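In what follows, a single structure is set out as structure tokens and then discussed.
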Amino acid sequence: MKKLCSLVLAFVMVMGCLSILSGCASSDDWKTDENGLVELVIGGIGPLTGDYANYGTSVRNGAQIAVDEINAANAKGVNGFKLVLKFEDSAGSADTATAAYGKLVDDGMKVSLGATLSGETKAVTAAAKADGVLVLTPSGSAVDAIANNNSAFRVCFSDPYQGKASAEYIARYGLASKVAVFYGSDNNYCVGLKETFEAECKEKGISVVATEAFTANSNTDFSAQIAKIASSGADLVFLPIYASDAATFLTQAKGKLDGMKMFGCDGLDGLLTKISNAGDADGVLMLTPFAADN
Numbered sequence: 170m171k172k173l174c175s176l177v178l179a180f181v182m183v184m185g186c187l188s189i190l191s192g193c194a195s196s197d198d199w200k201t202d203e204n205g206l207v208e209l210v211i212g213g214i215g216p217l218t219g220d221y222a223n224y225g226t227s228v229r230n231g232a233q234i235a236v237d238e239i240n241a242a243n244a245k246g247v248n249g250f251k252l253v254l255k256f257e258d259s260a261g262s263a264d265t266a267t268a269a270y271g272k273l274v275d276d277g278m279k280v281s282l283g284a285t286l287s288g289e290t291k292a293v294t295a296a297a298k299a300d301g302v303l304v305l306t307p308s309g310s311a312v313d314a315i316a317n318n319n320s321a322f323r324v325c326f327s328d329p330y331q332g333k334a335s336a337e338y339i340a341r342y343g344l345a346s347k348v349a350v351f352y353g354s355d356n357n358y359c360v361g362l363k364e365t366f367e368a369e370c371k372e373k374g375i376s377v378v379a380t381e382a383f384t385a386n387s388n389t390d391f392s393a394q395i396a397k398i399a400s401s402g403a404d405l406v407f408l409p410i411y412a413s414d415a416a417t418f419l420t421q422a423k424g425k426l427d428g429m430k431m432f433g434c435d436g437l438d439g440l441l442t443k444i445s446n447a448g449d450a451d452g453v454l455m456l457t458p459f460a461a462d463n
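Adding 169 to a residue's 1-based position in the sequence shown gives its number in my numbering.
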């Protein structure tokens, strides 16, 4: 996360200074610090509370480390600018993220890290388009998260690549010939992964023998879905979902899906902080965009 956010902030710094900031340097809402450096406010949004708080907290902490290191290495500023990070809690809600974006604009934000989750990133990207604010999300991976805004970018891969890569990995290493899919049908991230995963399974000759769904309003009792998966004959369950829901699923599936492998994507990041018994996550496989040894 530290390396990722360093890249994010470096790009924002260059693009902001060269293309955006030159157009508004005369604005009267710029502030200077005690050393006379102009403060470049970078805004971030993500869940700091609720079920998805581990994702927003990681993004905020990584970005703050990068800001601190960049400022420490440039006592006279970067082209005269001192970086300042302001981060708002979205609680995982697109509506709250949009309101948070408005607050950051009022607080002097010049460039944006967008938002953490795909749904809230889509909302922030739409709002930023009207203001001409550069957006660079580190984690909004849904295809349409940055759509219709030529000033919105991401540094993570998009969901189609991740869903496809998951099926390719399963096929390459012979992990399963029959798979079940368990996903959130009302979540852009989950749906994007599910669709591309199933399409690539078809290409690789892997049979999808069960597809079970839930929504944000029905994510506490998965017994019916687990029973159907148990009787499907699947060798592996694909989990394109977030850690909190995965923790619930794995806990309830204990002893009922024995012998089935579990395979998720980057949404499972932080799983061990969400599950009450770490042993229930033993053997879970996870595809993710970072190198664990870096």
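Glycine is no exception: its CB is placed at the ideal position from the N, C-alpha and C atoms. Please read all numbers here as calculations on a predicted model, not as lab measurements.
Element boundaries [beta strand (DSSP E), containing residue i]
i: isoleucine 214; result: 207-215
i: alanine 349; result: 347-353
i: lysine 251; result: 250-258
i: threonine 294; result: No beta strand (DSSP E) holds threonine 294; the alpha helix (DSSP H) holding it covers 287-300.
i: lysine 475; result: Not covered by the structure: residue 475. The range shown for the chain is 170 to 463.
i: leucine 408; result: 405-408
i: alanine 284; result: 278-284
i: alanine 382; result: 376-383
i: valine 304; result: 303-306
Presumed contact (8 Å Cβ cut-off) between residue i and residue j, rounded CB distance
i: asparagine 357; j: glycine 439; result: 19 Å between Cβ atoms; not a contact.
i: isoleucine 214; j: serine 262; result: Between serine 262 and isoleucine 214 the Cβ distance is about 11 Å, and since that is not below 8 Å, they are no contact.
i: glutamate 367; j: valine 378; result: Wrong, their Cβ atoms sit about 11 Å apart, outside the cutoff.
i: glycine 332; j: threonine 290; result: Wrong, their Cβ atoms sit about 18 Å apart, outside the cutoff.
Beta-carbon spacing of residue i, residue j below 7 Å
i: aspartate 198; j: glycine 277; result: yes
i: valine 406; j: methionine 429; result: yes
i: lysine 425; j: alanine 399; result: yes
i: threonine 267; j: alanine 241; result: no
i: leucine 206; j: glutamine 233; result: no
i: threonine 294; j: isoleucine 315; result: yes
i: lysine 373; j: alanine 336; result: yes
i: alanine 269; j: serine 281; result: no
i: aspartate 390; j: lysine 423; result: no
i: lysine 363; j: glutamate 381; result: no
i: cysteine 359; j: proline 409; result: yes
i: aspartate 355; j: alanine 311; result: no
i: glycine 212; j: leucine 252; result: no
i: glycine 283; j: glycine 309; result: yes
i: leucine 305; j: phenylalanine 250; result: no
N-terminal and C-terminal residue of the alpha helix (DSSP H) that residue i is part of
i: phenylalanine 418; result: 412-422
i: threonine 265; result: 263-275
i: leucine 441; result: 440-443
i: phenylalanine 326; result: Where phenylalanine 326 is concerned, there is no enclosing alpha helix (DSSP H), given that its DSSP letter is neither H nor E.
i: serine 227; result: 222-242
i: alanine 368; result: 357-373
i: serine 392; result: 392-399
Rounded C-alpha distance that separates residue i from residue j
i: aspartate 451; j: threonine 420; result: 11 Å
i: lysine 200; j: valine 247; result: 15 Å
i: serine 320; j: aspartate 427; result: 48 Å
i: serine 392; j: alanine 340; result: 28 Å
i: arginine 323; j: glycine 343; result: 32 Å
i: alanine 257; j: aspartate 237; result: Here the sequence assigns glutamate to residue 257, which means alanine is not the residue at that position. Those two C-alpha atoms are separated by around 18 Å.
i: phenylalanine 418; j: proline 458; result: 23 Å
i: leucine 456; j: tyrosine 338; result: 9 Å
i: leucine 303; j: alanine 244; result: 25 Å
i: glutamine 353; j: asparagine 388; result: A small correction: the amino acid at residue 353 is glycine; glutamine does not occupy that position in the sequence shown. Answer to the nearest angstrom: the Cα atoms are 9 Å apart.
i: phenylalanine 383; j: arginine 229; result: 29 Å
i: lysine 371; j: threonine 265; result: 38 Å
i: glutamate 369; j: asparagine 204; result: 56 Å
i: lysine 347; j: glycine 361; result: 20 Å
i: isoleucine 239; j: serine 227; result: 18 Å
i: glycine 231; j: aspartate 462; result: 16 Å
Would you call the segment 214-225 in contact with the segment 433-445, where contact means no fewer than 3 C-beta pairs closer than 8 Å? yes
Pairs of beta-carbons, one from the segment 325-340 and one from the segment 419-435, closer than 8 Å: are there three or more? yes
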